[in-house]
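Report on the structure given below.
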Amino acid sequence: MRIRATVAAVTGALALSAFAVPAAQAAGTASHAATAVAAPNVTFSNMKVNKSKAIVVGATAKVSVPVTYTLTHPASLDVTSDKFNSGPLIYVGTKVTSATNIFISDDPGTCTDASTTVANCTAVLKVSAADLLNSEAGTWKEGGLAVTSAGGTKWQGDLGTTKVQRLSKLTVNAAPEPVKKGRTITVTGALTRADWDSGKYSGYVGQPVKLQFKKKGATTYTTVKTVKTTSGGALKTTVTASVDGTYRYAFAGTSTTPAVNATGDYIDVR
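So the working numbering is basically just the index in the sequence shown, starting at one, shifted up by 111.
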């Protein structure tokens, strides 16, 4: 579930089970609510989101993200009880209780007791492109939320960071084919990435992309030159035909956009 702090009031923050828990209302409301009912005395730790890999989201995708975490609690609290639920979250902002955007697990984490005071838990976050802005691509913070059937709420932030990135795509086309040795080959392509604001893909302009070549029979590519994307993410350069082989473009990625390699295009040199 995604919640924006600009919304005046949101209920069912974790949407965990049947608890109707007020959550992430206006900035600071969560801390006020916690004074009415005692917050569960638990501590989140060892949070690992998406196996420590970036969360990459396409233009219209909804990505299921696995999460593991540890929950430390008093021996008197049964964290497997239907009166208690917990789950992971990721957010943008200085504090979890005043986040500008936040995704919280729709379903409660599944916890297994490791001891009388420690439980190991797993959960799934669902991150939807429809609830993201292009400006939010980059580093997000990790946290946790625990609730009780009595209405107690425990928010915990700053448990680590994870990247949420805009899915990238890269194409290549080498022509003409076949080509005579010594003639010019024109290699075109395009680098695009998910545009969450429009729900489409748009060109990634001004980015350095490597043109690479793999000789027929070889197993690895070598870099020929670096080309920068122009309008619409377009790529275009020329090389001289020498031997049979495969050309591809390779993008190293940025903090907001993952690395991607184009599927190679084979050239027959005669």
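Every residue gets a Cβ at the ideal spot worked out from N, C-alpha and C, and that includes glycine. Treat the numbers as computed from the prediction; the structure is a model and nothing was measured.
Selected residue, minimal CA-CA separation from residue i, among the options
{"i": "V316", "options": "S366, V380, T340", "result": "T340"}
{"i": "D242", "options": "S197, V371, D306", "result": "D306"}
{"i": "N284", "options": "T367, I296, V207, T273", "result": "I296"}
{"i": "T223", "options": "S216, T233, F214, I215", "result": "T233"}
{"i": "T221", "options": "F214, P177, K291, K327", "result": "P177"}
{"i": "V168", "options": "L188, A329, T367, F362", "result": "T367"}
{"i": "A170", "options": "D308, D217, R294, K265", "result": "D308"}
{"i": "Y358", "options": "L244, A210, K336", "result": "K336"}
{"i": "G268", "options": "G356, G198, K237", "result": "G198"}
{"i": "A225", "options": "F214, Y332, L244, A186", "result": "A186"}
{"i": "V150", "options": "T264, P319, Y312, T272", "result": "It is worth fixing the name first, because residue 150 is Ala in this sequence and not Val. Ranking the options by Cα distance to A150, first place goes to T264."}
{"i": "P319", "options": "T331, A329, T348, G310", "result": "T348"}
{"i": "K162", "options": "T179, T154, V174", "result": "T179"}
{"i": "G254", "options": "K292, G204, P287, L244", "result": "G204"}
{"i": "G314", "options": "D376, T303, Q323", "result": "T303"}
{"i": "S209", "options": "T333, W266, N372, K311", "result": "W266"}
{"i": "K291", "options": "R381, A373, S175", "result": "R381"}
{"i": "I213", "options": "L236, V350, L182", "result": "L236"}
Distance between beta carbons of residue j and residue i, contact taken as under 8 Å
{"i": "H184", "j": "N152", "result": "7 Å"}
{"i": "L278", "j": "F362", "result": "Wrong, their Cβ atoms sit about 12 Å apart, outside the cutoff."}
{"i": "I201", "j": "W251", "result": "5 Å"}
{"i": "K327", "j": "V354", "result": "7 Å"}
{"i": "T334", "j": "K325", "result": "Not a contact, Cβ separation roughly 11 Å."}
Bridge-paired residues (DSSP) for residue i
{"i": "D306", "result": "K311"}
{"i": "N372", "result": "A361"}
{"i": "S366", "result": "DSSP output for S366 lists no bridge partner at all."}
{"i": "P199", "result": "G255"}
{"i": "K339", "result": "P319"}
{"i": "S156", "result": "T181"}
{"i": "A301", "result": "T282, A345"}
{"i": "G249", "result": "V275"}
{"i": "N212", "result": "V203"}
{"i": "T191", "result": "T191 is not bridged to any residue."}
{"i": "G356", "result": "K326, I378"}
First and last residue of the uninterrupted beta strand (DSSP E) at residue i
{"i": "Q276", "result": "272-277"}
{"i": "Y332", "result": "Per DSSP, Y332 belongs to no beta strand (DSSP E) and is neither H nor E."}
{"i": "P151", "result": "Here P151 belongs to no beta strand (DSSP E), and DSSP marks it neither H nor E."}
{"i": "V350", "result": "345-351"}
{"i": "A230", "result": "229-239"}
{"i": "P287", "result": "Per DSSP, P287 belongs to no beta strand (DSSP E) and is neither H nor E."}
{"i": "P177", "result": "173-183"}
{"i": "T264", "result": "264-267"}
{"i": "D224", "result": "221-224"}
{"i": "V168", "result": "166-168"}
The ligand ATP heavy atom lying under 8 Å from the CB of residue i
{"i": "T330", "result": "Here there are no bound small molecules, and the ligand ATP is not part of this structure."}
Exercise for the section: Please confirm if the segment 177-195 is in contact with the segment 257-275, defined as three or more CB-CB distances below 8 Å between the two stretches. Expected result: Three or more beta-carbon pairs drawn from the segment 177-195 and the segment 257-275 are found closer than 8 Å, and the two stretches are therefore classed as touching.
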